[in-house]
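Following full-length UniProt numbering, the numbering of the sequence shown begins with 1 at its first residue and continues without gaps.
Note that beta-carbon positions come from the ideal geometry of N, C-alpha and C, so glycine has one too.
Below: the structure, in C-alpha cells.
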Amino acid sequence: MNIVVIGHGMVGHKFLEQLHALGVADANVTVLCEEPRAAYDRVHLSEFFSGKSAEDLSLVAPGFFEASGFTLRLAAKAAAVERRERTVTTADGEVIPYDRLVLATGSAPFVPPVPGRDRPHCFVYRTIEDLEAMQASAAKSRVGVVVGGGLLGLECAKALRDLGLETHVVEFAPRLMAVQVDDGGGRVLRSKIEDLGVQVHTGRNTLEITDGATARHRMVFADGTHLETDMIVFSAGIRPRDEIARQCALAIGPRGGVAVDDHCRTSDRNVYAIGECASWREQTFGLVAPGYDMARVAARHIAGEAEAAFGGADLSTKLKLMGVDVASIGDAQGKTPRSRNYQFIDERKQVYKKIVVSEDGRQLLGAVLVGNADEYGTLLQMTLNSIVLPEEPEFLILPSSDGKARPGLGVDALPDTAQICSCNNVTKAQICAAVGEGACTMAELKSCTQAGATCGGCVPLATQVMKAEMARRGMAVNNHVCEHFPHSRQELYHLVRVGGIKTFDELLHRHGKGLGCDVCKPLAASILASCWNEFVLQPQLASLQDSNDYYLGNIQKDGSYSVVPRMPGGEVTPDGLIAVGQVAKKYGLYTKLTGGARVDLFGARVEQLPLIWEELIAAGFESGHAYGKSLRTVKSCVGSTWCRYGVDDSVGLAVQLENRYKGLRAPHKIKFGVSGCTRECAEAQGKDVGVIATDKGWNLYVCGNGGMKPRHAELIASDLSKDRLLQLIDRFLMFYVRTADRLQRTSTWRENLEGGLDYLKDVVVNDSLGLGAELEAQMQHVVDTYQCEWKTAVTTPEVRQRFRSFINSDQPDEHIVFVQERGQIRPARAEERSEATA
C-alpha cells in the first residue's frame, strides 16, 4: 500500500510515529515536507530566541526514518492532487502514486487585509525561517509591534522584548486573549503584561501602514490615533491550509478546513485530513492535542481498525505567557444557560480566578486562572470527569490564609479513564500500568507512555499519579536528589550535620557515587553553608557553587553582573547614598531602587567587581547576598519613628532582623517584611517571614510569597515580645532549612507540610519535637560566624584573582557594551555593539 503524507509538522510526524508503531505491513510511505527541515516543536518555538537551535527543537528521533523505512522529502511542495488517478504532483513536476493520502498541511497565519501589510520588515510568526528574518530585522530596529493579542501574539511579544525592542501589542478585540479569558481575567493579564514592559493597545482597528516620521512604519488606526514602529509581526490568528483540498474538489467545512468524518476521512474515502487543516463537525482545532488525537485515529483506521474514531477534544489550556500563568478550562466564558460564577481577584498581586458551575452547584463547567494557575490540574480533572464539587466550591480558588486545607482532589479520586496527558492521550490507568512494569521516574514514564513528552503541562499531575501508584504497590517512592545520591535533600542535610561532613568529596565518598552533577553540587554547597557557615569560595567549596555564587553577583543577560550592597531595613545614611552614587558614576553602572528597599547597581564587568566592592566596603557597606539562596531583604515602613499611625519601631526591628539573619543559606531565597501597624505598608503578609506591630506586641506571619505563585502568610503567633519573636523566627528558619526540598520556597514547603499550620505551630511555638533549644543554638552559630563574603573575597589574593574575563588575560570582555538611555546606561543591542567595536 502506497501512503503519501502531505505535510511534516507536529501532527504529520505524530501520524508517522503511530503508523510505525502499528507495524503496517507492506506500507510504502512518502512524506512531502514543504519546509527545508523536518518536523520541529512549534509549541516551544519562542525558545529559538533563547538560544535553542533548530536541531534542539526537532521532533524526529535519530534514526527514525532509517528504522521505519519511510521516505522524507524536504523542500518538496505538493502542487496538485489527481483523485481519479490517485496521484500527487510536486512543484518540480514529480508524480507520486498513492493508495491512501493524508493531508497534514496545518494552517497559515492570518494577515489582515491592511494596505501596507507587505512592506519590508513586516513578518508572520510561524516558521524558523520567519524567526531568523525577525532576528535580522530586530538588529536594525528600536521598536517592534505585534498585531494580535492571542496566545501566539503574546508569545511573539516576548520574543520581541527578548530581542531588546520597545514592544507593543495591538489587538482588535477589547481585551487580550479574548477567546480564552473573560473581562476580569483580561484586565489582570493586561496589567501583568504591561508591568513586564510591553505596551498594550486594545480595541484598535488598523486602517493602513505607511511611512513613519520617527520609525520605518506608521500604523494608522480607525480612531484617528497612530503608532510608529520599525518592524511589525502579524499574529492575528490562523486559517486552515486547505488550498490543495480545494484544488482537487474535496468537501470544505463552512469555516474553511477539509471536512472529515469521525475516522478523519474526507469526502474521498481514500484521503484523510488531520490537524489544523481538518474541519470536524464544522469545527477546526488550533491546538496540538486534538491534532495528535486525529493522527492516532487516522493511523489506526488506515491500519485496519475500523472502529477507530475521533470524538472531539477538550480545548482547555495552561500556558506561561511572558512568565505569566494563564489557564482556561471548559466553559470559561460561562455561556451555559443558568450557570453560576465564583470569582476571586487580588489586584495588588494581580491574580484573577473564576470557576463556572452548574445551576445546582454540583458540577464544574469551566474556569479562568490568570497570574496563578496552581489549581489547574485539580479543576481540569473535576471538569473532565464530572467529579461532584464540594459544598463550598469557592474554596477551590480562594487563597489559604487560615491554615485550613483547600478542598482539593487527591489522585485516588480520579477514575482510571481520567486523561492525564491530553497531548498524547495518556490515562491514569496507563500510567499505573507503566508503574507496574517498572517505570519509577518521570523520564521512564515519558519514554514508555509519552506522558509529559510534548508540552509538559501534565508533568506535575502525572508525577503525583506515578508516586501514588508506587506507594499503593508498596514500592519505595524515589525522592533522591539525583542519580549520585540515593537520598532526599532533608536526608542529606541530616547526614552532613550528624556526620560533621564539611566537603563534597567526603559526602560523595560516604553517601554517594560517581562524580556529582549540576544538581547535587550546588545543593551540597547550600547544605554545607547552612550547617557550618564557612566562606563559600574557599578552594574545596568554590567549584560547587552555581554561577551567581561563584562570582558573588547575579549574572545578567549581557554577561555583566549586578552589585547589591546591604541596606538593613532599607535604612541608609546620606553619606552612604553619596558613596553608592559615586561608585555608580565612576564605573558607569545603571542604578535602580528595588522592591526590597535597596539600590541595585547593574552593568559591572567581572574584573570590576573587586574594585567596586572595595570602595563600597570602605564606605561601610556589606554584601547584600542578592546572588545567594539566603536572606535577601527585610522591607519595612517608617513605623512609629515618623508615621502618625505607627504603633512600634518597624525600622529598628527590621534593621535588627536583617543584621541577625544576613548570610543564612537556605533551600531558597528568603524575604522579610516588618510593618509598624496593621495598614501593612511593608506588605509583610506577602513575605516568607512577616512581622506586624500591634498595641500588645508583634504578630508573626510565616510562609508568604509575593512571587509567581502568590500566597498569603499565615499567623503563627500573636502579641509577642521582641525576645520571644526572635526565638520563634530562629526556630522557624532553621526548621525550614532542615526539612525543605531543594529550591523550595517556604510557601511551597508549607503547602506540602504534613499536618499543615497546626503542626508547624506545634513545632515552632510549642516545641513539640523538643528541638527548640537546638534550633536556636544552630541559628546563633550562624549569627556568630557571619562574615561579609565580599570583604573576604577582596582581601584574599587567591580568591580575588578569579575575577577576570579570561583566565590568561586581564583584558575586559569587549562584547559587553553599554549605551546611554534616560540618563543612565543599558546593555547595547546587537547593532549598537557592532558600531561600538568597529
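Which residues in the same chain as G256 place their Cβ atom closer than 8 angstroms to its Cβ, once the five residues preceding and following it in sequence are excluded?
Here residue 256 refers to the residue found at position 256 when the sequence shown is read from its first residue. Its chain contains R239, P240, D242, S279, T284 as the residues whose beta carbon lies nearer than 8 angstroms to that of G256, once the 5 sequence neighbours on both sides are disregarded; these appear in chain order.
Determine the closest residue to V5 out of H20, V24, C33, with distance taken between C-alpha atoms.
For this step, residue 5 is matched to residue 5 along the sequence shown. Closest option to V5, Cα to Cα, is C33.
Anticipated Cβ contact below 8 angstroms, G361 with R340, distance rounded:
Position 361 of the sequence shown holds residue 361. Position 340 of the sequence shown holds residue 340. Confirmed, Cβ separation roughly 7 angstroms.
Considering only C-alpha positions, which residue in the set L165, E129, R142, L176 is nearest to L151?
Position 151 of the sequence shown, counting from 1, holds the residue named residue 151. Ranked by Cα distance from L151, the options L165, E129, R142, L176 are led by L176.
Quick check: the Cα distance between V124 and V111, rounded to an integer number of angstroms?
Within the sequence shown, numbered from 1, the residue matching residue 124 stands at position 124. Within the sequence shown, numbered from 1, the residue matching residue 111 stands at position 111. Straight through space, the alpha carbons of V111 and V124 are spaced by roughly 8 angstroms.
Three-state secondary structure (DSSP) at H217?
Position 217 of the sequence shown, counting from 1, holds the residue named residue 217. In this structure, DSSP gives H217 an extended state, which the three-state scheme calls strand.
Is it buried or exposed for I578, if we count other Cβ within 10 angstroms and need 16 for buried?
As a working note, residue 578 is residue 578 in the sequence shown. Using a 10 angstroms sphere on the CB of I578, the tally of other CB atoms stays under 16, which defines it as exposed.
Would you list, in sequence order, the uninterrupted alpha helix (DSSP H) runs of no fewer than 4 residues that lie entirely inside the region 429-483?
Runs of the alpha helix (DSSP H) spanning 4 or more residues and lying entirely within the region 429-483 occur at 442-449, 459-472, in chain order.
Length of the line joining the Cα atoms of A245 and A251:
By 1-based counting over the sequence shown, the position of residue 245 is 245. By 1-based counting over the sequence shown, the position of residue 251 is 251. So the alpha carbons of these two residues sit roughly 8 angstroms apart.
Would you list, in sequence order, the uninterrupted alpha helix (DSSP H) runs of no fewer than 4 residues that lie entirely inside the UniProt domain "Nitrite/sulphite reductase 4Fe-4S" (628-750)?
Runs of the alpha helix (DSSP H) inside the UniProt domain "Nitrite/sulphite reductase 4Fe-4S" (628-750): 639-642, 650-661, 722-739.
Could you tell me the boundaries of the alpha helix (DSSP H) in which Q540 lies?
Against the sequence shown, residue 540 aligns to sequence position 540. For Q540, the enclosing alpha helix (DSSP H) covers residues 539-542.
Buried or exposed: where does M88 fall if 16 or more other Cβ atoms within 10 Å of its Cβ makes it buried?
As a first step, residue 88 must be located in the sequence shown, where it is residue number 88. The sequence shown places Val at residue 88, rather than the Met named in the question. With 16 or more other Cβ atoms inside 10 Å of its own Cβ, V88 counts as buried.
Determine the contact status of V606 and R804, defining contact as a CB-CB distance below 8 angstroms.
Your numbering for residue 606 matches position 606 in the sequence shown. Your numbering for residue 804 matches position 804 in the sequence shown. For V606 and R804, yes; Cβs fall inside 8 angstroms.
Rounded to whole angstroms, what's the CA-CA distance from S270 to P97? Just pull it up for me.
Counted from its first residue, the sequence shown places residue 270 at position 270. Counted from its first residue, the sequence shown places residue 97 at position 97. For clarity, residue 270 is Asn in the given sequence; the question names Ser instead. Here the alpha carbons of P97 and N270 stand approximately 12 angstroms from one another.
Option nearest W532 by Cα separation, candidates L611, E444, V498, M231:
The residue you call residue 532 lines up with position 532 of the sequence shown. Distances from the CA of W532 to each of L611, E444, V498, M231 were compared; the closest alpha carbon is that of V498.
Considering only C-alpha positions, which residue in the set I555, V95, E85, H263 is nearest to E305?
Walking along the sequence shown from the start, residue 305 turns up at place 305. Answer by Cα proximity: H263.
Reference F310, options G371, Y272, T229, closest by Cα:
For this step, residue 310 is matched to residue 310 along the sequence shown. Considering only alpha carbons, the answer is Y272.
Span of the beta strand (DSSP E) holding E305?
The sequence position of residue 305 within the sequence shown is 305, counting from 1. Premise fails: E305 is in no beta strand (DSSP E) and is neither H nor E.
Terminal residues of the continuous alpha helix (DSSP H) containing V496?
Within the sequence shown, residue 496 is the residue found at index 496, counting from 1. In the DSSP assignment, V496 falls within the alpha helix (DSSP H) that extends over 489-499.
Per DSSP, cross-strand counterpart(s) of S562
Along the sequence shown, read from residue 1 onward, the residue named residue 562 stands at position 562. Beta-bridge pairing links S562 to F602.
4 or more residues per run - each alpha helix (DSSP H) lying fully within the region 188-259:
Counting only runs of 4 or more, we get 243-247.
Does DSSP put H20 in a helix, in a strand, or in coil?
Walking along the sequence shown from the start, residue 20 turns up at place 20. Correct three-state label for H20: helix.
May I have a chain-ordered list of the alpha helix (DSSP H) segments no shorter than 4 residues that lie completely inside the region 128-152?
For the region 128-152, whole alpha helix (DSSP H) runs of length 4 or above, ordered along the chain, are 128-138.
C423: which of L461, L287, V326, D183 sits nearest, CA to CA?
Position 423 of the sequence shown, counted from the start, is the residue given in the question as residue 423. Check the Cα spacing between C423 and each of L461, L287, V326, D183: the tightest is with L287.
So V169 and H201 are in contact, right, with Cβ under 8 angstroms, and what is the actual spacing, rounded?
For this step, residue 169 is matched to residue 169 along the sequence shown. For this step, residue 201 is matched to residue 201 along the sequence shown. Taking the Cβ atoms as the reference, V169 lies roughly 7 angstroms from H201, within the contact range of under 8 angstroms.
Cβ shell of L207 (< 6 angstroms), same chain only, five flanking positions each side left out:
Translated into positions along the sequence shown, residue 207 becomes position 207. Cβ within range, chain order: V220, A222.
Of all the beta strand (DSSP E) runs that stay within the bounds of the region 338-377, which reach a length of 3 or more residues?
Unbroken beta strand (DSSP E) stretches of 3 residues or longer found wholly inside the region 338-377: 340-346, 351-357, 364-370, given in chain order.
Just to confirm, is the Cβ distance from V702 to I716 under 8 angstroms?
Within the sequence shown, residue 702 is the residue found at index 702, counting from 1. Within the sequence shown, residue 716 is the residue found at index 716, counting from 1. Taking 8 angstroms as the Cβ cut-off, V702 and I716 qualify as a contacting pair.
Could you tell me the alpha carbon to alpha carbon distance between K791 and T785, rounded to whole angstroms?
Stepping through the sequence shown from its first residue, residue 791 is reached at position 791. Stepping through the sequence shown from its first residue, residue 785 is reached at position 785. Roughly 14 angstroms separates the two Cα atoms.
As assigned by DSSP and simplified to three states, the class of C517
Along the sequence shown, one-based indexing puts residue 517 at 517. Of the three classes helix, strand and coil, the one that applies to C517 here is coil, per DSSP.
K592 (DSSP reduced to helix, strand or coil)
Along the sequence shown, read from residue 1 onward, the residue named residue 592 stands at position 592. Annotated three-state conformation of K592 is strand, per DSSP.
With which residues is Y40 paired in a DSSP beta bridge?
Position 40 of the sequence shown, counting from 1, holds the residue named residue 40. In the DSSP assignment, the residues bridged to Y40 are S58.
Based on DSSP bridge pairs, tell me the residues matched to F123.
Walking along the sequence shown from the start, residue 123 turns up at place 123. Partner(s): V233.
Expressed to the nearest angstrom, what Euclidean distance is found between the alpha-carbon atoms of N2 and T90?
Residue 2 sits at position 2 when you count from the first residue of the sequence shown. Residue 90 sits at position 90 when you count from the first residue of the sequence shown. Cα-Cα distance, rounded: 16 angstroms.
Inter-residue Cα distance where the pair is G756 and R750:
Mapped onto the sequence shown, residue 756 falls at position 756. Mapped onto the sequence shown, residue 750 falls at position 750. Per the coordinates, the alpha-carbon of G756 lies some 7 angstroms from the alpha-carbon of R750.
Going by beta-carbon coordinates alone, are T225 and G116 separated by less than 8 angstroms?
By 1-based counting over the sequence shown, the position of residue 225 is 225. By 1-based counting over the sequence shown, the position of residue 116 is 116. In this structure, G116 does not lie closer than 8 angstroms to T225 by Cβ.
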